[in-house]
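Written below as structure tokens is the structure these notes are about.
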Amino acid sequence: MRPFPAGAKKVEMTFVAVGKVSVDGDVFLLSPGAQIRDTHNRIVLPSYVNGEHMVRVLIDNIGQVHRVWILTPEEIAAPDPKQ
246 MRPFPAGAKK VEMTFVAVGK VSVDGDVFLL SPGAQIRDTH NRIVLPSYVN
296 GEHMVRVLID NIGQVHRVWI LTPEEIAAPD PKQ
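For the sequence shown, our numbering gives the first residue as 246, with consecutive numbering after it.
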């Protein structure tokens, strides 16, 4: 399992268009320096990812998605640390 920052929330994310994602039904822009990591922890381009995924996400102070980790099945099944 990968370590995630304390503020990274587990959510369902849909990549709806280039530069836009839907997080639990709300649409957000990707920040200019957004990083998306796949299940192997590789940084991937936003255009590489499509569809719906369970992720951990960090949203920056202006409300844009800044960091995304696409979760493995083991990470999806794991409880949040605060539980």
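Even for Gly, the Cβ is constructed at its ideal location relative to N, Cα and C.
Query	Result
Start-to-end residues for the beta strand (DSSP E) that takes in PRO277	271–282
ARG301, buried or exposed, once every other Cβ within 10 Å from all chains shown has been counted against 16	buried
Residues that ILE315 bridges to, as DSSP identifies them	VAL300
Bridge-paired residues (DSSP) for SER267	THR259, VAL272
Three-state secondary structure assigned by DSSP to ILE307	coil
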